[in-house]
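Chains as they are written, first to last, in the numbering used here: chain A, 604 to 955; chain B, 604 to 955.
Even for Gly, the Cβ is constructed at its ideal location relative to N, Cα and C.
Read through the structure below, which is laid out as structure tokens, and then see the notes.
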DNA sequence: CGATTCGATCGAATCGATTCGACCACGCGA
DNA sequence: TCGCGTGGTCGAATCGATTCGATCGAATCG
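Structural data, given as structure tokens:
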């Protein structure tokens, strides 16, 4: 404690060389005689020196070797979403060869998303908005002002930031047409969070005007372009339990819907649970469809009707985009296609 | 690009104050006249200054405000494990109030765990070994030499590091006695990775001597203390698919076991799948037990016989231990109890 | 009214490494 | 033998903020 940790200068002194030479011996940039290098390393060993201080190195170099990932929700929820996990995995894999670290900027139980003060203290060379493409995110602005390159996944398409998203509108529209073609008219939506403020329940017009996420907005718009205005129940986060609550809410309506369009597969699983708890059979009494195309072990043999997005590719691409930005290259925006998958949870409505 | 980003000194000059005063205006430590502070902030706005450079601040302060989490596996696998996720969530929650960031130090597809070079470049104030308590981990040594406080979850109990673990031996022993009491003799083990080198398959004596993880070793020892030497199939990572492969391997043996003890619930699910693929009924033809006590939606109504560890508490405690260490307090080691849960996947062996 | 705080501000040292330009000696080709 | 390129080393400036001690005027107290 009282002892100061050894510095490179101390090592250099002990080895009888100048600090600059000692630095070269460690970093490998520039010619150093083999004998000198060994003398330096020996001195380091004797002093218990574990290599250059990352902070000092970063300051001088102007880069920290760290990429931030803004997650928004608390990790416990975010990591239940295979799409988010694949994204982070893709980024981590892409960063690994260059030894770049991945810093999670996550929200906590109290406030949904990380606060600007916290985030602005973090030394990141680039940042990915992973699960929260809020249009008006103050963090976006902050990073742009700092000159930190930003990748937004499913995020707002603003000048200065690189966007990777999927065809949310197209997929949702195709899905809605599928449901309509089956003959459903009384349709309701179990929605992803409209904002990160923990609110949930039936959505009124005021709330609907506040949709802050590009993906949520596109999916909702596509649905209503097919069916007209529909009841919407908002889940405060993308987990099965909240889907179940939203499902109960929608199924309690006086005019019970014959189909529920969930904005994610996790929510869809919850809706199915809610339906079964009420004694309804899926798809005979209620059609339930999702979005994402993740594994749904909860459903056993049943296959969820959903829109499949290319999850693994999204992960890989997001990783590539980040490394490109770090290397000073500006990758183009990417818009991935999606595919309707008709499973066994959608069917014609029972004729009353 | 050609433009240099504004520095605090530039802001100070523009505001007509000294750099030290400008610093005080930002950090809030020390008295500054309200008028001065506003002048500084105005100057900052005009220059597009987004606050002090985190790197410079960290260097001076001697802390980075970042905690590292060593994950070992690639994220795609690590995050499928609810125990690991709960751990990270607990840490993130505990760190959040102080604005401390969480840096993932993960392995990639190539090498299991992060390389020492990568890790030693990372500016961390403390580090948690989350899912990889390797005894001989070179990273441990590195951090200790650097003077970085280390928390090891399920990790090796070495001097200088703080340990949070569960009663692995006790739980596994109780579980083994349960299986023995049912009348099983031909028992096999589906094991967690013995080392992080991607190897898998049946374990011979040479390999067995290499067990590098405290939890895996304890569970195996407890099992063999009850049953004597048993066949062991190693899974290269803790995911359902690898459990299935290990299960197939064990069930292909000439003397088919009547019970398989999986070292995790995820592996147990895989083993059950393998059994069912072979037309075996669980638990009638084969008893399968796990470890951890996570949700297993794959199993439908069935309840896995397993050892339940207090996952949420583990997360909370690990978070608290880290914050304690950051505050300069040395928390005591913690050893959490576990509990046997008898479900519907274990039964007496069929009498032949 | 003189002595003493106290609040506000400034100068200068500091954190620990990297890097640029200078320097020296040596070997090689002309 | 002279000049030149080059491998190896060193000094000093630099990265951008924080912080300690000093300073100075104004307010407080005896």
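Check whether the stretch 894–914 of chain B and the stretch 770–784 of chain B are in contact - that is, three or more C-beta pairs closer than 8 Å. The stretch 894–914 of chain B vs the stretch 770–784 of chain B: in contact.
Quick check for students: name the residue ranges of the beta strand (DSSP E) that lie wholly in the stretch 646–710 of chain B, counting only runs of 3 or more. Here the runs fully enclosed are 669–673 and 704–708.
Residue 688 of chain A to residue 917 of chain A, Cα distance in whole Å? Within the model, the alpha-carbon separation for residue 688 of chain A versus residue 917 of chain A is close to 11 Å.
Please go through the same chain and pick out, in chain order, the residues whose beta-carbon is closer than 7 Å to the beta-carbon of residue 690 of chain A, but skip the five residues on each side of it. The beta carbon of residue 690 of chain A lies closer than 7 Å to those of 733, 756, 917, 918 and 921 in the same chain, with the five residues before and after it left out.
Which word fits residue 630 of chain A, buried or exposed, when buried means at least 16 other C-beta atoms lie within 10 angstroms of its C-beta? That one is exposed.
Given this structure, state the Cα-to-Cα distance separating residue 611 of chain A from residue 871 of chain B, to the nearest angstrom. Using only the alpha carbons, I get a separation of about 51 Å.
Any idea what DSSP makes of residue 858 of chain A, helix, strand or coil? DSSP places residue 858 of chain A in the coil class of the three-state scheme, outside both helix and strand.
Strand pairing of residue 737 of chain A, partner residues [DSSP]: According to DSSP, residue 737 of chain A bridges with A:816.
Which whole runs of the beta strand (DSSP E) in the stretch 820–848 of chain B are 3 residues long or more, in chain order? 835–837, all fully within the stretch 820–848 of chain B.
Residue span of the alpha helix (DSSP H) that contains residue 771 of chain A, given as start and end: Residue 771 of chain A: member of the alpha helix (DSSP H) spanning 771–784, first to last residue.
Quick check on the burial criterion: 16 or more other C-beta atoms within 10 angstroms. Buried or exposed for residue 866 of chain A? Burial call: buried.
Between residue 817 of chain B and residue 759 of chain B, is the Cβ-Cβ spacing less than 8 Å? Cβ distance < 8 Å, so residue 817 of chain B and residue 759 of chain B count as in contact.
Boundaries (first-last residue) of the alpha helix (DSSP H) holding residue 718 of chain A: Note, residue 718 of chain A: premise wrong, no alpha helix (DSSP H); not H, not E.
How many angstroms separate the CA atom of residue 646 of chain B from the CA atom of residue 743 of chain A? Looking at the two C-alpha atoms, the distance is approximately 22 Å.
How would you write the range of the beta strand (DSSP E) that residue 794 of chain B sits in, first residue to last? Its beta strand (DSSP E) spans residues 790–794.
Go ahead and pull the three-state DSSP assignment for residue 909 of chain A. Here residue 909 of chain A sits in strand by DSSP.
Cβ of residue 709 of chain B within 8 Å of Cβ of residue 674 of chain B? Yes. Within cutoff.
Strictly below 7 Å CB to CB, what residues from chain A border residue 725 of chain B? Here the neighbours are 657 and 704.
In the structure shown, what three-state DSSP assignment does residue 872 of chain B receive? The answer is helix: DSSP assigns residue 872 of chain B an H, G or I state.
Using DSSP with H/G/I as helix, E/B as strand and the rest coil, what is residue 802 of chain B? Here residue 802 of chain B sits in coil by DSSP.
For a contact defined as C-beta to C-beta under 8 Å, what are the partners of residue 720 of chain B on chain A? The contacting residues are 702.
Among the candidates B:855, B:609, B:718 and B:877, whose CA atom is the shortest distance from the CA of residue 649 of chain B? In terms of CA proximity to residue 649 of chain B, B:609 leads the group B:855, B:609, B:718 and B:877.
Taking the alpha-carbon positions, what's the residue 752 of chain B to residue 725 of chain A distance? Each residue's alpha carbon lies about 20 Å from the other.
Based on Cα-Cα distance, which residue from A:775, A:764 and A:771 lies nearest to residue 932 of chain A? Among A:775, A:764 and A:771, the Cα nearest to that of residue 932 of chain A belongs to A:764.
Do the stretch 804–821 of chain B and the stretch 767–775 of chain B touch if we need at least three Cβ pairs shorter than 8 Å? Yes: the two stretches touch, three or more of their Cβ pairs being nearer than 8 Å.
Got a sec: is the Cβ-Cβ distance from residue 739 of chain B to anything in chain A below 8 Å? No - not a single Cβ of chain A is within 8 Å of the one on residue 739 of chain B.
With residue 727 of chain A and residue 671 of chain A assumed to form a contact (beta carbons below 8 Å), what rounded beta-carbon distance in angstroms separates them? Sure, about 4 Å apart at Cβ, within 8 Å.
Using a threshold of 8 Å, state whether the C-beta atoms of residue 699 of chain B and residue 711 of chain A are closer than that. Going by C-beta atoms, residue 699 of chain B is nearer than 8 Å to residue 711 of chain A.
I'd like the span of the beta strand (DSSP E) that includes residue 944 of chain A, first residue to last. Run containing residue 944 of chain A: 942–944, per the beta strand (DSSP E) assignment.
Comparing the C-beta of residue 847 of chain B with each C-beta of chain A, is any distance below 8 Å? Not one chain A Cβ lies under 8 Å of residue 847 of chain B.
Rounded distance between the beta-carbons of residue 861 of chain A and residue 890 of chain A, thought under 8 Å: Rounded to the nearest angstrom, the Cβ distance from residue 890 of chain A to residue 861 of chain A is 7 Å, consistent with a contact under 8 Å.
When you compare the CB positions of residue 874 of chain B and residue 903 of chain B, do they come within less than 8 Å of one another, or not? No.
Does any C-beta atom of chain A lie closer than 8 Å to the C-beta of residue 587 of chain B? Coverage of chain B is limited to positions 604 through 955, which leaves residue 587 of chain B absent and any answer about it impossible.
On the three-state DSSP scale, how would you describe residue 620 of chain B? DSSP, reduced to helix, strand and coil, places residue 620 of chain B outside both helices and strands of the structure shown, so it counts as coil.
Residue range of the unbroken alpha helix (DSSP H) whose run includes residue 920 of chain B: Residue 920 of chain B: member of the alpha helix (DSSP H) spanning 914–929, first to last residue.
Going by Cα to Cα distance, which pick from A:895, A:925 and A:930 is closest to residue 914 of chain A? Closest option to residue 914 of chain A, Cα to Cα, is A:895.
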